[in-house]
Structure formats: C-alpha cells, structure tokens
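Residue numbers (my numbering): 20 to 498.
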C-alpha cells in the first residue's frame, strides 16, 4: 500500500463536503505500524457544510442547525498504511490478513451501521475512502469544485476514516490497561447492553446466518467459504474466498460487512497458538486440549473434541436469537467517558461482528474491572486457586442482563411468550466465554486479572453441571 500524507488525505476528504483543513496533528501510530491517527481541525466553507459537520460532531446538540460558515470543528483521521514488509512475504500471513480485513470491517461499520446507532456513544463518520455514501439516510453536502470531484482518484489505494473526535463530548480517556472506576464500569456495561440489544432492533444477528446443517460451521469456525452471506470469514478463509471469487471474475459485496465471528481471539483464527499450547506441559495445556468427554460412546460425538473446541463451538454464531453484534475488543483504552464517568463512548471497531455479548464482558471484566469489584463482599484479601461466582461478579452480570432486556425488541418478544435470553442460559454462556478467553490468554500470554480468571475457569472446568450443559448445547447444534 502506497503511503499517503495524512494532511493531504484529510484535505481531500474534507473537500468532499466543502470544508477546509486548518490543522493536522499526529496522535499515535497504529498497532504494528499499520498507519496513523491524527487530530484534525477543520473549517466549514458555507452554512450547509457547517450544519453537516455539526450533526456529525454533536448530533444531540439543539444548536446543530444553527452552525454557520467559518465554524471550526474537531475530527479524527484514521489512516491505514500497511508496512512495506507486507508487500514482500506477508500476503498469506494470518496476522497481516486479520489486520487488513479488520480495517475494511471498521470502515464498513462507520459508514453503514453507525448511522443507525443514534443515541449511542459512537463517533459519527464525516467521510471515508471507498464506497462512500451507500447509506443515504443523511443529507450530505457535496462539493462540486475540481478538488472535490477528483479526490476519489487521488485517494486511490488509500484506506481512511474521518470521524468525529469523541473527546469533544467524552473528555476522559480510559487509558491503556487501566482499571476503571465503579461508575465507569457501570457506564460501560450500560453501553454494551444498549449496543448488543440495538443490533436486535436492527435485525442484525437474529437469524442472519444459515441454520441448515449443510452450511453450519465446524468447531470454532465460521461457515464454509461458499456461504457466509457476505460476512467477513476468518482471515485465511476470507483470503481463499476472495482468490476464488477473483478467479471466477465475480463481483459482489466481499469486504462490505462485519466479521461473521466478532473478536480476534476465537479458536478458528488462533490455531497456531492453540497448537503450541497443546504441545507444552502447562496446566492449561491439558485443561483445554485434552478430550472434552472421556466417554467413547458419547452421543454428541464430543469424545474426540477438546474442551477448547467444545467451548468455541458453543460460542460460534449460528443464528440463535440472543446473538448480536459484539464490539470484539472491549477494554479501557478503547473508550472515553464523560467527566462524571456515567456516559461512555467506545471506539476501535476493527473486530465488530456477530457473537454473544458475554464475549465482550469476559475481556472487560478481566482487563478493566478491579478484583475487589468482581469479588464484592466475598473479597477476603486473597484469591483461592478455584473460585465460584462471587457477589460482585454476579451483581455486574445482573446489571448488564437487566439493561439488555430493556430493549424494545426484547420486551416485544417477551410479550409474545418468547424470552430472548433467560438468565440460566446467559450464565452458562458467560462461563463458556471465560473458558474461551482463558484459552486465548494461556496460548498468547496472560494479562489483567490473571489470578481471578484462572481461578474462575478452574471452577468452571470442574463443574459437572457446566460440562453436562455444554454437551447438551453441542447436541442442539447438531440437530
């Protein structure tokens, strides 16, 4: 990918909506050198451009229709530029493919899904490269001057998103690997519950993928490359599908959707790490990689499946009613809050896709919630090797679950006698998400509330009730 100057990219994207670049300030480099993030100050050249910018940057402001020409506003430019080494040997590297596809996913999310998330703390999209304005719900001013007309050609090969600067309304950063305050944790849970349930209202995740046995995924995988309904498959599968489609000279919507399986830690995209885990002599090697069932006559066929594979299969999206969009990378450094901490906004949607909301909770609780808050009144100053659910953890889960079920879609289905997500099922999914998250950490490296996570997973793996439930769930999957 040819490097582009951030200021020039910002200037061209702004020109599409009759705005002028005032200042471009580098903030940070993207992970592994895949681009940069810059703070942008821009100025509207006429009243229509000012009103458009105001709607993007402060959609809830009563004064957004009063903005005038000359008004300045703050934006963020996310510019993707793959490292030079990617053109010399990284083409089939799973990590490289994951990153590049993830930025396509994020671009799609900001263009096509964010406009449907009004009232939720997410940055509005001002402009982006590639396939712009498929979503026509907003009145977007267009610049007819020469620079605006040919900007698409001049941005050829560039991947960029120009979005509202969340710090305008959410000035407190969550910070890297930081423990959130109790108020911030409550705000994050409320945001996640609203985000997950909002996708139910939009019809995303409710039967969005095939349910016939012919098109169902294998353990921890997405659907077959011939299926997928346009969702982005695990990186190597997605790459193979694109090669195949290119050979057939087919078009379509490849690259124009979210991940079929949200997140970046699910087993089918971490087979290399899993193989290394299976070969070492750690406690978690046998815990996750040994056969899930010792019974050679297991009716579910799980006797040859490892515990990690069984857990991954349970969490794999397959059209269940409680599935939704998930953020995929929930942690303190991917959020901002109001000064009080009550209102939260998330960003970094590279791994948004289908899944169970508990997968977002597993990472949040492990990486950004204090052990004292997780244990609550059960905290005795130390952690045992094995730990059942404690009062603090349960109270946080109940708070999220209540908020989740307040959605109009959930209330509607409850009135029809079709509960969308009962507590017992939710709790089993939560336990399975902890097992799956611990499997990833054991194969990649532990961080966060390591002792708490390990103690909880030891307790879950030794719970015969959970093992029986998981086996039953896999049996339902086969029907």
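Quick reminder that beta carbons are idealized off the backbone N, C-alpha and C, glycines included. Quantities reported herein were computed from a predicted structural model and do not represent experimental measurements.
- Exposure of residue 300 is indicated by the presence of fewer than 16 other C-beta atoms within 10 angstroms of its C-beta.
- Assigned with DSSP and collapsed to three states, residue 39 falls in strand.
- Nearest Cα to residue 291 within the set 405, 446, 463, 177: 463.
- Look at residue 340 here: in three-state DSSP terms it is coil, with no helix or strand label.
- About 7 Å separates the beta carbons of residue 419 and residue 211, which is inside the 8 Å limit, making them a contact pair.
- Put simply, of 308, 39, 397, 129 the residue whose alpha carbon is nearest the alpha carbon of residue 93 is 39.
- Here the stretch 177-186 does not lie against the stretch 401-418, with fewer than 3 beta-carbon pairs under 8 Å apart.
- DSSP lists 365 as the beta-bridge partner residues of residue 354.
- Per DSSP, the beta-bridge partners of residue 57 are 45, 96.
- When DSSP states are grouped into helix, strand and coil, residue 191 belongs to the strand group.
- Comparing alpha carbon positions, the residue from 357, 149, 460, 408 closest to residue 394 is 408.
- Excluding sequence positions up to five before and after residue 476, its CB lies within less than 7 Å of the CB of 453, 454, 457, all in the same chain and listed in chain order.
- Of all C-beta pairs linking the stretch 381-389 to the stretch 196-216, three or more are shorter than 8 Å, placing the two stretches in contact.
- By alpha-carbon distance to residue 221, the top candidate from 451, 75, 327, 132 is 132.
- Per the Cβ contact rule, the stretch 363-374 is in contact with the stretch 274-285 (3 or more Cβ pairs under 8 Å).
- Distance between residue 359 and residue 188, taken at the CA atoms: about 12 Å.
- With respect to the 7 Å criterion, residue 355 and residue 326 are not classified as neighbours on the basis of their beta carbons.
- Residue pairing of residue 310 in beta bridges, as defined by DSSP: 325.
- Only buried fits residue 335, as 16 or more other CB atoms lie within 10 angstroms of its CB.
- Nearest to residue 481 by alpha-carbon distance, out of 148, 451, 470, is 451.
- Around residue 142, the same chain offers 95, 129, 133, 182, 183, 184, 185, 364, 366 as residues with beta carbons nearer than 8 Å, after the five sequence neighbours per side are excluded.
- Taking residue 51 as reference, the option from 79, 102, 61 with the minimal CA-CA separation is 102.
- Non-local beta-carbon contacts of residue 304 in its own chain, meaning distances under 7 Å to residues more than five positions away in sequence, involve 296, 297 in chain order.
- Straight across, the Cα-Cα distance linking residue 120 with residue 375 is about 21 Å.
- Within the DSSP bridge table, the entry for residue 417 names no partner.
- Note: residue 278 is bridge-paired with 251, 372 in the DSSP secondary-structure output.
- Contact between residue 442 and residue 343 does not hold, since the beta-carbon distance rounds to 17 Å and is not under 8 Å.
- For residue 144, the enclosing beta strand (DSSP E) starts and ends at 144-147.
- CA-to-CA, the gap between residue 25 and residue 69 works out to about 22 Å.
- Boundaries of the beta strand (DSSP E) around residue 181: 178-183.
- In this structure, the straight-line span from the alpha carbon of residue 472 to that of residue 264 is close to 42 Å.
- Residue 455: member of the alpha helix (DSSP H) spanning 442-463, first to last residue.
- DSSP, reduced to helix, strand and coil, places residue 212 within a helical segment of the structure shown.
- DSSP links residue 113 through a beta bridge to no other residue.
- The Cβ atoms of residue 29 and residue 63 do not sit closer than 7 Å to each other.
- With respect to the C-alpha of residue 112, the residue from 412, 36, 479, 253 having the closest C-alpha is 253.
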